[in-house]
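Asks: Just so we're aligned: the sequence shown equals residues -20 to -1, 1 to 581 in mature numbering (1 follows the signal peptide of the UniProt record, and there is no 0).
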Amino acid sequence: MKPLYLLALLLTLCCTRVYAQDNELLLAQQYTANGEQQKALDIYAKLFKQDNQAYFQQYFGALVNAKKLDDAESIAKKMARKYPGNTMYLIALSTIYKQQGNTAKADELFNDMLKALPNDRNGISNFALQFYQTGNADYAIKIFQQGRKVLKDDNAFTFELIAMYRFKRDKFGLTDEYLNFLPANPVYLPQAENTLALLYDEPDDYDMLRVELLKRIQKQPQQIVFTRLLTWQFLQQKQYDMALNQTLALSRRNNDDGTDVMELSRTLVDNQAYDEAIRGYEFVIDKNDKTNANYVDAKIELINTKNLKITAGKYTQADLLSLEKDYSNLLAEFGKKPGTVFAMQKLANLQAFKLHKLQEAQALLEDATKIPGVRPEQLASCKIDLADVYLLNKQPWEATLLYSQVEKDFPNTALAQDAMLRNAKLAYYTGDFVWARRQLDVLKSATTQLIANDALNLSLLISDNLNADSATKALKIYARADLQIFAEQPAKALQTLDSINKLYPNNILEADVLMAKARIKIQEKDYTGAIAQLKEIAEKHSFDLWADDAVFMLGDIYETQLKDTNLAKTYFQKIITDYPGSLWINDARKRFRALRGDKVS
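(1) To the nearest whole angstrom, what separates the beta carbons of L423 and L401, a pair I think is in contact under 8 Å?
(2) Can you tell me the Cα-Cα spacing of A471 and A432, whole angstroms?
(3) Might you give, ordered along the chain, the residues of its own chain that have their beta carbon closer than 7 Å to the beta carbon of A399, omitting 5 neighbours on each side?
(4) Would you mind sorting W212 into buried or exposed? The rule is 16 or more other CB atoms within 10 Å of its CB.
(5) With a floor of 4 residues, list each alpha helix (DSSP H) that falls wholly inside the region 394 to 430, ordered by position along the chain.
(6) Between which residues of its own chain and T155 is the CB-CB distance below 8 Å, once the five residues before and five after are set aside?
(7) Is it true that the CB of L49 sits closer than 8 Å to the CB of Q79?
(8) Tell me the rounded alpha-carbon separation between A379 and T427.
(9) Can you name the start and end residues of the alpha helix (DSSP H) that A120 belongs to?
(10) Just the Cα atoms here: how many angstroms apart are L436 and A416?
(11) Rounded to whole angstroms, what is the Cα-Cα separation between T(-5) and N3?
(12) Where does I501 fall in DSSP's three states?
(13) Kindly give me the distance between the Cβ atoms of L244 and L230, rounded to whole angstroms, as I take these residues to be in contact under 8 Å.
(14) So, A328 versus V369, is the Cβ gap smaller than 8 Å?
(15) Counting Cβ pairs closer than 8 Å, one from the region 477 to 486 and one from the region 512 to 520, do we hit at least three?
(16) Could you tell me how far apart the beta carbons of Y551 and G535 are, in whole angstroms, since I believe they sit closer than 8 Å?
(17) What is the residue span of the alpha helix (DSSP H) that I197 lies within?
(18) Mapping DSSP to helix, strand and coil, what is V493?
(19) Alpha carbon to alpha carbon, what distance is there between P64 and A108?
(20) Just to confirm the assignment: which complete alpha helix (DSSP H) runs, minimum length 4, are found wholly within the region 76 to 110?
(21) So A454 packs on N486, CB below 8 Å; how close in whole Å?
(22) Does DSSP classify Q513 as helix, strand or coil?
(23) With a CB to CB cut of under 6 Å and the five nearest residues on each side skipped, what residues in its chain are close to S581?
(24) Roughly how many angstroms lie between the CA atoms of L27 and R196, to the nearest whole one?
(25) Cβ atoms of I265 and A253: under 8 Å apart, would you say?
(26) Can you grab the Cα-Cα spacing for the pair V(-3) / R61, in whole Å?
(27) Within its chain, find whatever has a CB closer than 8 Å to the CB of L310; leave out the 5 residues flanking it on each side and keep chain order.
(28) Going by other Cβ atoms of all chains shown within 10 Å of its Cβ, with 16 needed for buried, is N445 buried or exposed?
(29) Mapping the DSSP letters down to three states, classify G319 as helix, strand or coil.
(30) Does the distance from the CB of S105 to the CB of E157 come in under 8 Å?
(31) Mind reading off the beta-carbon distance from Y409 to D462? Whole number of angstroms is fine, and I expect it under 8 Å.
(32) Report back the beta-carbon spacing between Q226 and L210 to the nearest angstrom; my notes put them in contact at under 8 Å.
(33) Determine the burial state of T545: buried for a count of at least 16 other Cβ atoms within 10 Å of its Cβ, exposed for fewer.
(34) Which residues in the same chain as V531 place their Cβ atom closer than 6 Å to its Cβ, once the five residues preceding and following it in sequence are excluded?
(35) Count the other CB atoms within 10 Å of the CB of S439; is the residue buried (16 or more) or exposed (fewer)?
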């Protein structure tokens, strides 16, 4: 029994000692957290004496933090002599040399260790990681580079080196590493693009990439990944014509079906590079016959892009007629069927709102609603468009029936709320203000912010002008102008708006008239004119219904149209500070932060 008793006693003493050491370690950590470095250092020194290896890191770190570099150097040397096979102590010693400013000594020690690099991938990785953890990323990179030579593998440690270059913001090193890696691993091209985009912050960075890519394309013209990365580089610098030329050349060389050109053209559309996108789609159409899927898609996208180009800028009547012909030719070639209903809708909207051919637009949309097999949501969209045309064609009863159908068929959806809002506006346009207001009050809690905002504004407008007979009469004229704005008849709308003050002086619609005129100016792409109207609202009617809308619209115009970041920030900030209850508050806050350079999720 005596041997068992002694063993139990020994175990108890060991456990007690370990428990005591753990308590002291916690106490030292607490002292460190409280800024009592000397007390912590005393405990670490005591623990280090008890177990050199177990408490070296804590004691060494405490000495470094206390700026006792000579003492730290002394214990590192002592441990390195005692345990010559353990590189941890040599790494600690080189760290001290660096901190002492003795770079030559640190490099000499590091180079000695580098010569003894193990012929083992994991060993090399662990060695480099130890240096990285001590803040010596440069040494870690050299270890990985030497490791490639030791292993005789130029592709070893690629991801580790990419991570190191990214950490150090070494743009050239990262670029070179990716360009060496991508030819054999083209699937990583999107990752490379994302990583480079995060690191590159100057035009010179993209110029450096272009130079390196052109060198490699000369040497390895068969590597498609370089051409694709060069196209991406041109896109980042907004050199859209050059990006398209690269992709067209590659498509011709490979004699493919133009899929890459299609993808690039969609990206060009997103960047409003409409002329280049049109050239891309025309290339795909010329390249393929009617049996190829890209041919059909390119035909459709070409017309859509022309539509965007025309409606996004100033256009002539000839431009509109040319687009109308393109849509008509598309329908003649492919027929009126579920797959071309979208074209019928766009053509009808062009005819109704730009060309004012209401009868043709109505007939086309009536045909679209009768085509079997159309998706329910698309059919509902066609019905809403048709109801809009009925409204313009002075057929309000037919319009309200269609709006009500969509509302009934898609309950509790954004589509239903849109139809309900249009139905309420129809009543407003036709002078049935009481019924319109009841519908609008329901929509104030709509899930879609724009619908809720429109409903709230229109409801308040009606409420403010139902108190007196003259105000109601003025509102009827204003509603007629609103309908003319909707119908894209700006000259008529301006004439109608100007008549309000003449017929009813001192009416309460001044801010409303200014907002209506601003909307007309925006419709005509006259942003300077719109700004003048909106600023008058913001300055002279700062407590009016339209004040926060005017301020937000000013921010939007300065950001998206005039590219004046500072003024855009000023107006978005004004929403945050002056109109905290505005429905635009969340959008204003998000856009302000984005313009300021914050990371916005």
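Heads up, the beta-carbon is just placed ideally off N, CA and C, and yes, glycines get one too.
All values reported here derive from a predicted model rather than from experimental measurement.
Replies: Let's see:
(1) Rounded, the Cβ-Cβ distance is 6 Å, consistent with contact.
(2) Computed Cα separation, rounded: 29 Å.
(3) Its chain contains I364, Y383, V386 and E387 as the residues whose beta carbon lies nearer than 7 Å to that of A399, once the 5 sequence neighbours on both sides are disregarded; these appear in chain order.
(4) The C-beta of W212 has 16 or more other C-beta atoms within 10 Å across all chains shown, which makes the residue buried.
(5) Counting only runs of at least 4 residues, the region 394 to 430 fully encloses the following alpha helix (DSSP H) elements, listed from N- to C-terminal order: 394 to 409 and 413 to 423.
(6) Closer than 8 Å at the Cβ level, and outside the excluded window around T155, lie L176, M188, L189 and E192.
(7) Cβ distance < 8 Å, so Q79 and L49 count as in contact.
(8) Rounded to the nearest angstrom, the two C-alpha atoms are 24 Å apart.
(9) For A120, the uninterrupted alpha helix (DSSP H) run begins and ends at A117 to L131, by DSSP.
(10) So the two alpha carbons sit approximately 12 Å from each other.
(11) Residue placement at T(-5) is poorly supported in this model, since its pLDDT is 45, which falls under 50; the coordinates still yield a value, given next. Separation of T(-5) and N3 (C-alpha to C-alpha, rounded to the nearest whole angstrom) is 11 Å.
(12) A small fix is needed here, since residue 501 is Lys in this sequence, not Ile. Helix at K501.
(13) So it is not a contact: roughly 10 Å between Cβ atoms.
(14) Taking 8 Å as the Cβ cut-off, A328 and V369 qualify as a contacting pair.
(15) Contact between the region 477 to 486 and the region 512 to 520 is absent, because fewer than three Cβ pairs lie under 8 Å.
(16) Indeed, because the Cβ distance is near 3 Å, the residues count as touching under 8 Å.
(17) According to the DSSP assignment, I197 belongs to the alpha helix (DSSP H) that extends over P183 to K199.
(18) Reduced to three states, the DSSP call for V493 is helix.
(19) Going by the C-alpha atoms only, they are around 18 Å apart.
(20) If we require 4 residues or more, the alpha helix (DSSP H) runs fully inside the region 76 to 110 come out as 83 to 95.
(21) Taking a contact as a CB-CB distance under 8 Å, the pair A454 and N486 does not count as one, their CB atoms being some 10 Å apart.
(22) Assigned with DSSP and collapsed to three states, Q513 falls in helix.
(23) Because the pLDDT at S581 is just 48, under 50, the model does not fix this residue reliably, and the point stays unresolved.
(24) When rounded, the separation of the alpha-carbon atoms in L27 and R196 is 58 Å.
(25) If you check the CB distance, A253 and I265 do not come in under 8 Å.
(26) Residue placement at V(-3) cannot be trusted, given a pLDDT of 45 that sits under 50; the coordinates are not used to answer.
(27) Counting only Cβ-Cβ distances below 8 Å, and skipping sequence neighbours, we find K279, I280, I283, T320 and A323.
(28) Burial call: buried.
(29) Three-state DSSP puts G319 in a helix.
(30) The answer is no: Cβ separation not under 8 Å.
(31) About 7 Å; that satisfies the 8 Å criterion.
(32) Right, their Cβ atoms sit about 6 Å apart.
(33) So T545 counts as exposed.
(34) Cβ neighbours of V531 within its own chain (closer than 6 Å, five residues either side excluded): A518, Y551, K554 and I555.
(35) The Cβ neighbour count for S439, taken over all protein chains shown within 10 Å, is at least 16; the residue is labelled buried.
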